[in-house]
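Single-structure report; data block below.
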Amino acid sequence: MRLPCIWFLLSIFSLRATAWQSLETYIAAVNKFGLDFVNPAPIVEQGNASTLSDNVVGRIDITTNFVGQELNIEYLYGLFLEGATANTTQLIGTPVTTVPQALVVEQPVVFVSFITDLLFPTVNLTLPLQIDVILRFDDETMKVTSYDATLRRWSEFWDYYIPLLVPKAAEELMAANTTGVDYTNSTDIVVHRAAADICTEAQTHCLGENQQYESYDQCVQFLTKEVPFGASWSGGENTGFCRYVHKNMVKYRPDVHCPHVGPTGGDYCIPRNYTDIVINPPFNESLIAYTASQ
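Quick note on numbering: the sequence shown equals residues -19 to -1, 1 to 275 in mature numbering (1 follows the signal peptide of the UniProt record, and there is no 0).
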């Protein structure tokens, strides 16, 4: 009866006998992973991330799962690159610095907690966000094969900074003669700021077979009246916020991403079951460190 347990322990010991890359190599790889968020342009332009494996699988708690290097490049880096160049107040800041605050390395698994400063340029505001990530590396290539990221205190962060953006967002909407906005209601201002940005991208890049809305006005109507904007954690649900997260990706691959900003939500902005999310992780490999298994 104990034989399976013995074989399990032997397999663990044999894995530990492997000559892993040095701790210094792992620390350097983690630092590179973090710094790439501050300078995403080369990655997006080249369509290649030296830190990510071709078949990387990632999960971000406030959004959902991302499979493959191409998709991860678009969401991890394209999201911030496009947001940084926008001329309107963005609800998601741009990383300007990222520094590890905590780090645990147990090859090939790493836990790192980054303090990332996010810039909101239209209001000249920079605020820190703590991001916890469990990473698994391919020890030969030192590329990330799996990651599980949590934006720590995100809801509190959102509740803190969104009110600081509202006056500028309202000013922009008024300057554009935006109608239908309750300018005494902060939530309505945020919803209309998001809708204006989403619909601009949708009507610019989602054309022909990729068209999602008959007109800009229909798009705004749907996003402000027919679908809830959602909570700050609902970036992977059937919400306006999910469509806002995806708006920056439509220019890269309209055939893939336009449905995500449209009425159906495609295969990303859809209703999800909480229990399924918790008990069915997307990963093809364990994120448990080998020593922790002994």
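Think of the CB as a built atom: it goes at the ideal place given N, C-alpha and C, for glycine as much as any other residue.
Since we're looking at a predicted model, the values are computed, not measured.
Got a sec, what are the start and stop residues for the beta strand (DSSP E) residue i sits in?
{"i": "Pro76", "result": "75 to 87"}
{"i": "Val90", "result": "90 to 101"}
{"i": "Asp169", "result": "Here Asp169 belongs to no beta strand (DSSP E); instead the alpha helix (DSSP H) covers 167 to 186."}
{"i": "Thr256", "result": "Thr256 -> not in any beta strand (DSSP E); alpha helix (DSSP H) instead, spanning 255 to 260."}
{"i": "Asp35", "result": "33 to 41"}
{"i": "Asn53", "result": "No beta strand (DSSP E) holds Asn53; the alpha helix (DSSP H) holding it covers 50 to 54."}
{"i": "Pro109", "result": "106 to 119"}
Considering only residues of the same chain and omitting the five flanking positions on each side of residue i, which have a CB-CB separation below 6 Å?
{"i": "Ala270", "result": "Glu87, Val90"}
{"i": "Lys232", "result": "His186"}
{"i": "Phe222", "result": "Phe210, Gly211, Ser215, Gly216"}
{"i": "Asn46", "result": "Arg40, Pro263"}
{"i": "Gly243", "result": "Gln193"}
{"i": "Ala150", "result": "Thr70, Ile170, Arg174"}
{"i": "Val48", "result": "Val38"}
{"i": "Cys250", "result": "Asn219, Cys223, Arg224, His241"}
Tell me which residue opens and which closes the alpha helix (DSSP H) that residue i is part of.
{"i": "Gly64", "result": "60 to 66"}
{"i": "Gly15", "result": "4 to 16"}
{"i": "Pro244", "result": "Counting along the chain, Pro244 falls outside any alpha helix (DSSP H), and DSSP gives it neither H nor E."}
{"i": "Val201", "result": "197 to 202"}
{"i": "Lys149", "result": "135 to 156"}
Buried or exposed for residue i, please, with buried defined as at least 16 other CB atoms from any protein chain shown within 10 angstroms of its CB.
{"i": "Lys206", "result": "exposed"}
{"i": "Glu190", "result": "exposed"}
{"i": "Tyr225", "result": "buried"}
{"i": "Lys13", "result": "exposed"}
{"i": "Val80", "result": "exposed"}
{"i": "Leu154", "result": "buried"}
{"i": "Leu62", "result": "buried"}
{"i": "Gly161", "result": "exposed"}
Whose C-alpha, out of the options, is nearest the C-alpha of residue i?
{"i": "His227", "options": "Leu268, Tyr141, Gly64, Tyr164", "result": "Gly64"}
{"i": "His241", "options": "Tyr255, Phe264, Thr122, Cys200", "result": "Cys200"}
{"i": "Glu121", "options": "Asp248, Tyr7, Ile251", "result": "Tyr7"}
{"i": "Ser94", "options": "Val114, Leu146, Thr78", "result": "Val114"}
{"i": "Val104", "options": "Pro76, Tyr141, Leu146", "result": "Leu146"}
{"i": "Gln184", "options": "Phe61, Pro235, Pro21", "result": "Pro235"}
{"i": "Ala22", "options": "Leu60, Ala10, Gln50", "result": "Leu60"}
{"i": "Met230", "options": "Val25, Met123, Ala176, Gln2", "result": "Val25"}
{"i": "residue 278", "options": "Val11, Ile143, Tyr164, Lys124", "result": "Any property of residue 278 remains undetermined from this structure, which presents the chain solely from -19 to 275."}
{"i": "Thr107", "options": "Val208, Phe92, Ile143, Gln82", "result": "Ile143"}
{"i": "Ala176", "options": "Asp163, Phe92, Asp257, Gln202", "result": "Gln202"}
Apart from the five residues just before and just after residue i, which ones in its own chain have a Cβ nearer than 8 Å to its Cβ?
{"i": "Pro109", "result": "Ile96, Thr97, Asp98, Leu99"}
{"i": "Ser(-9)", "result": "Since pLDDT at Ser(-9) reaches only 48, below the 50 mark, its modelled position is unreliable, and the value read off the structure follows with that caveat. None."}
{"i": "Pro179", "result": "According to the sequence provided, residue 179 is Ile. The question's Pro does not apply to it. Correct list, in chain order: Cys200, Leu204, Gly221, Arg224, Tyr225, Lys228, Val242."}
{"i": "Gln50", "result": "Asn29, Ala30, Leu33, Ser34, Asp35, Asn36, Val37"}
{"i": "Thr181", "result": "Tyr197"}
{"i": "Pro252", "result": "Glu218, Asn219"}
Who are the Cβ neighbours of residue i in its own chain at under 7 Å, not counting the five residues just before and after it?
{"i": "Leu268", "result": "Val90, Ile115, Arg117, Ser127, Asp129"}
{"i": "Val19", "result": "Pro76, Val77, Thr78, Thr79"}
{"i": "Met123", "result": "Gln2, Thr6, Ala10"}
Take every Cβ of the segment 123 to 132, pair it with every Cβ of the segment 41 to 53, and state whether three or more of those distances are shorter than 8 Å.
-> yes
Are the segment 66 to 77 and the segment 49 to 58 touching by the rule of at least three beta carbon pairs closer than 8 Å?
-> no
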